[in-house]
Every structure is written in C-alpha cells, then in structure tokens.
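In terms of mature numbering (1 follows the signal peptide of the UniProt record, and there is no 0), the sequence shown is residues -22 to -1, 1 to 313.
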Amino acid sequence: MALSLPLQLLMLLLSQFIMAMGGVPYHKYQEPGTISDTDEDLTFNHYARTCPNFEAIVHNKVKDWISKDYTLAPSLIRLHFHDCAIRGCDASVLLNHKGSERWAKASETLRGFQVIDDIKAELEKKCPKTVSCADILTAVARDATVKIGGPFWENAYGRKDGLVSLAKEAELVPMGHENVTHLIEFFQSRGLSLLDLVVLSGAHTIGRSQCGIIQERLYNFKGTGKADPSIDSKYLNFLKRKCRRASEYVEFDPTTPTKFDSMYYTNLQKKMGLLSTDQLLYSDSRTKPIVSALAWQPMLFYQQFAVSMVNLANAQVLTGDDEGEIRTNCNFVNH
Ligand code: HEM
Ligand SMILES: *[C@@H]1O[C@H](CO)[C@@H](O)[C@H](O)[C@H]1NC(C)=O
C-alpha cells in the first residue's frame, strides 16, 4: 500500500515521458482566435540550412570550457533558467546595461557569460546574424547537462532575442526564501507544472550556493534565534563549519556534488536539503509524493529532467519578427 502513490506517479510520469519523446511537435501558445502572420513555431531543423554546424560549434565550445572549469556546467544550466524565468527564454538575462536583469541582486552570482560571448563570436564568423542568443543559451544548457552525466534531449530552435531587460523583474526569480505555494504559482504562470517544479529543482544535485542565502536557516530561523528544525543535525554542523562567512560557497549535494543523479531527492528525505525551498518540497503534501517517486526511481528523474527542461526552454518564447531580433552581440540589442 505504501508504494501505491509513487507507483501511480510513476505511471503518470512515464506516460508523459513517452508522449514527449514521441515527438509531439512544439507549438507556440496562441490566444484562441488570434492570427499573426509573422509568428513561426520553434522547429527541430531551424538552422539546418542557415547554420548546419550550430550545435556542433556549441558542443565543442561547451566541452572545452567545462573541461577547463567544471563548475561552469551548473552555472550555465542556471543561467538558462534565469533567462527563461523572466520574459521567457529570450536572452534578456544577457543584456548588459545599467538597470538590466544582469545588474539585479538576484543575478549577482550568475556566471558563464564569457562562454556565451565566446560561442556567439564563433557563430558570427561562421553564420553571421543567424543564431539567436536565446537559442545559444538553450543549446548550452543541454550540452552542459550531458557533459556532467545528465540526459540528452533534442531542442527545437527559432527563439528571438528580446529587446527589454529590467533588473526589477529579475528580482522575482525565486532565491530560496519562498514558500511552496509561491514556487508553484511562479512556475505555473510560466506554463510549468508542479512536476516541472520538482524535477527542475533536481538541478540542485550539482553546483553550489553562496552561504549568505542559508544564514538564517543556520542561526536564526524565522526569528527564533535557532536553526531550522528541518535540517538534519549532522548536516547542520557540517553547514556551520562550511559557512563561516556569508561569501563562502557550499555545494548543494553533500553526497555527490559533481554528479548528475537523483541524490538531491534522497537528501531531502534525510533532511539534507540546502535551501529552505529545497527542503520544503519534501514537507508540502503537493510536492512530497513527487520527491518520493524521484528518489525511489533514479531513471525517472533522469528521463523526466529532459522533458521538463524542454518545457522550460519552450516557455513564453518570442518567435515572431515583430517580437524580437537576432542579436549580433548578446550583451546589447542591435541598433
Ligand atoms: C525552484 C526554485 C529555485 C530556487 C529557489 C533556486 C535558488 C537557487 C539559489 C539560491 C542558488 C545559489 C545561488 C548562489 O548563491 O550562487 C541556485 C543555484 C543553482 N540553481 Fe537554482 N533555484 C531554483 C530553481 C532552479 C532551476 C529550475 C534550475 C535549473 C533547471 C536551477 C539550477 C541551479 C543550478 C545548477 C545552481 C548552481 C549554480 C552554480 O553552481 O553556479 N535552479 N539556485
Ligand atoms: C506564501 O508566500 C506568498 C507571497 O510570496 C504569501 O502571499 C502567502 O501568504 C504565503 N503563504 C503562506 C502559507 O505562508
């Protein structure tokens, strides 16, 4: 009986996975009744004629950068998330002018911009004015995932780069202090489901966080002057030793920090989630059964991560000529 809920979930997840892998074509969401002749959908062969080596170029660059600095892999995956989380995947996170998303507090620890710039420069040589920065971010996130042992998936391309980037919007990206309702609503308003929320949070199986974000959990939880009771006591001691200063870094997954695996969920079951938003996924009745299913079936996480990353990458994208452009430099809009 104890397994019946996870089993049900397993069936649900598998059916979703099979549907997604069956190549159900992606279509941009349109309001019923609207007609727009400049809109195109994302497609799997978008650059087949115009830049056939696009994915190979990205792949090689990502491989080179990550073999030089392994910590770039998680940073590049996160960069793509922060892009898609605000105004859809439109490379708004890359615009670098005063008051842009990049200058927000929530963007302070984003990294990997130089990787994107390097790839863009190469692409401008090989196929000028063709590949959008948003598509580069999407391809890079996939290749970074594969490079650290995660799943492969096919990306559809054809995103346009946005013209607007506002720091105050970037501050809306969840930073670890939110409640689960807030997270669910944040994801839902971007077309992402409860399942996507829990599965994509599994990206925290790799990478690291600045200690400042968990300071209150360690020393003054909700103003009690004590630690968050939902932290395992040994893990708490470990974190206190590791986080002497707020500017220090601590890895998300204390067990297998550099491996793409389902240990994130196992850790939550052992009260070893790093952020409060991680641990809460295992105490909220809406998300807990999904955490259990993913901890119980590592392959399920592996496969569903690919599906949810596609959902993320296709969320609220711009495709029409009237909606965005192909930037020639990812840092600035064209003139
Ligand atoms: C569900 C809400 C989420 C919250 C509250 C959250 C919060 C955070 C925070 C606070 C950090 C550490 C930042 C720092 O101090 O450097 C972080 C890092 C990271 N996040 Fe999330 N995140 C969420 C969702 C996601 C999603 C959907 C992805 C990707 C699919 C993701 C991927 C990552 C990765 C890979 C890192 C490590 C970055 C690195 O090592 O440079 N996160 N996240
Ligand atoms: C969750 O957070 C939202 C704001 O982000 C707040 O309005 C709501 O009251 C919170 N819910 C609970 C149960 O604390």
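Note that beta-carbon positions come from the ideal geometry of N, C-alpha and C, so glycine has one too.
- Rounded to the nearest whole angstrom, the C-alpha separation of Gln188 and Lys220 is 11 angstroms.
- Rounded to the nearest angstrom, the gap between the Cα atoms of Asp210 and Phe310 is 46 angstroms.
- Closest in alpha carbon position to Val109, among Gln92, Met277 and Ala134, is Ala134.
- With a cutoff of 7 angstroms, Glu156 counts as near ligand 2, since its C-beta is closer than that to a heavy atom of the ligand.
- Not one heavy atom of ligand 1 sits closer than 7 angstroms to the Cβ of Ile209.
- With a cut-off of 8 angstroms on Cβ pairs, the segment 92 to 99 is not in contact with the segment 139 to 150, counting fewer than three such pairs.
- Under DSSP, Phe310 forms a beta bridge with Asn307.
- Counting only the Cα atoms, Leu217 lies some 12 angstroms from Gly190.
- Looking at the backbone, the Cα of Glu79 and that of Ile114 are separated by about 18 angstroms.
- Cβ-Cβ separation between Gly140 and Gly302: approximately 5 angstroms, consistent with a contact (criterion under 8 angstroms).
- The bridge partners DSSP lists for Ser187 are Val228.
- CA-to-CA, the gap between Glu226 and Trp81 works out to about 21 angstroms.
- The distance from the Cβ of Leu259 to that of Ser179 is about 6 angstroms, consistent with a contact at the 8 angstroms cut-off.
- Close CB contacts of Ala273 within its chain, under the 7 angstroms cut and outside five residues either way in sequence, are with Ser240, Tyr243, Thr244 and Gln247 (chain order).
- Of Phe59, Pro52 and Thr255, the smallest CA-CA separation from Ala69 is found for Phe59.
- Counting only residues of its own chain and dropping the five nearest sequence neighbours on each side, Asp174 has a CB closer than 8 angstroms to the CB of Phe165, Ser286, Asn289 and Leu290.
- Rounded to the nearest angstrom, the gap between the Cα atoms of Arg65 and Val295 is 8 angstroms.
- At a threshold of 7 angstroms, Ser179 counts as near ligand 1, since its beta carbon sits closer than that to one of the ligand's heavy atoms.
- Straight across, the Cα-Cα distance linking His24 with Ala117 is about 13 angstroms.
- Sorting Trp131, Asn74, Gly127 and Leu54 by C-alpha distance to the C-alpha of Phe22 places Trp131 at the top.
- Per the C-alpha coordinates, the member of Lys237, Gly201 and Leu196 positioned closest to Lys212 is Leu196.
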